[in-house]
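Engineer:
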Amino acid sequence: METIEERKFPTLLFISICIFLGYWLFKSSIVNILSLFYFGYGLGLIISYLFLYLKFKISLHTAAIGGLIGFLICFSYYYKINLIVILSILFIISGLIATSRLRLQVHNPREVYLGYIFGILSQFIVFYIYIM
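With this note's numbering applied, the sequence shown corresponds to residues 7 to 138, in that order.
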């Protein structure tokens with residue numbers, strides 16, 4: 007999706023899917039903690055959608071891997087388990103993803119960094135609200 011207009015509908019669709027899955031998982035009480043991942047990713051998508059109206063596209067690839075890393079950090083904190091090996095591997099993968107987005111010249115460094123930061127922060131925000 008090269009233009010900002012091409013990103014709007016798919017982003018709205020994924021926001022809806024994430025909110026629905028998060029709500030369904032939370033209400034089913036099977037895996038409440040997993041619902042936080044979907045709510046956090048939905049929040050990250052909402053933030054990126056708002057940036058589309060500022061004519062600025064954020065890398066959704068780095069937002070996704072940042073969201074996964076943010077979720078696993080929160081998960082390991084909440085359950086007091088050591089996920090350092092998995093997180094280390096994911097940090098390497100996130101570097102490869104960011105590098106590929108830059109090498110393909112699909113995004114500039116600011117778009118890549120903001121995607122990564124918003125991906126992580128959205129998970130932290132949702133987790134913080136959950137544990138309050």
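Glycine is no exception: its CB is placed at the ideal position from the N, C-alpha and C atoms. In this text, all values refer to a predicted model and were calculated from it rather than measured experimentally.
Count the other CB atoms, across all protein chains shown, that sit within 10 Å of the CB of Lys-63; report buried if there are 16 or more and exposed otherwise.
Structural biologist: The residue is buried, with at least 16 neighbouring Cβ atoms inside 10 Å.
Engineer: Taking Tyr-44 as the reference, which of Tyr-85, Leu-58 and Phe-133 has the closest Cα?
Structural biologist: Ranking the options by Cα distance to Tyr-44, first place goes to Phe-133.
Engineer: In this structure, how does DSSP classify Gln-129 when only helix, strand and coil are distinguished?
Structural biologist: Helix, per DSSP.
Engineer: Just curious, the alpha helix (DSSP H) that Leu-93 is in, first and last residue?
Structural biologist: Residues 90 to 109.
Engineer: By Cβ distance, which residues of its chain are closer than 8 angstroms to Phe-124, with the 5 residues on each side in sequence left out?
Structural biologist: Once the five neighbours on either side are set aside, the close Cβ partners of Phe-124 are Gly-50, Ile-53, Ser-54, Ile-64, Ala-69 and Gly-72.
Engineer: What three-state label does DSSP hand Lys-33 in the structure shown?
Structural biologist: Reduced to three states, the DSSP call for Lys-33 is helix.
Engineer: Just how far apart, CA to CA, sit Ala-104 and Thr-9?
Structural biologist: Spanning the two alpha carbons is a distance of roughly 19 angstroms.
Engineer: Report all residues from its chain with a CB closer than 6 angstroms to the CB of Cys-24; omit the five preceding and five following residues, and keep chain order.
Structural biologist: Cβ neighbours of Cys-24 beyond the five flanking positions: Tyr-44, Tyr-47 and Gly-48.
Engineer: Comparing C-alpha positions only, which one of Ile-99, Lys-33, Arg-13 and Phe-130 sits nearest to Tyr-84?
Structural biologist: Ranking the options by Cα distance to Tyr-84, first place goes to Phe-130.
Engineer: Three-state secondary structure (DSSP) at Ile-64?
Structural biologist: Here Ile-64 sits in coil by DSSP.
Engineer: Using the rule of at least 16 other Cβ atoms within 10 Å of the residue's Cβ for burial, across every protein chain shown, is Ile-126 buried or exposed?
Structural biologist: Per the 10 Å Cβ criterion, buried.
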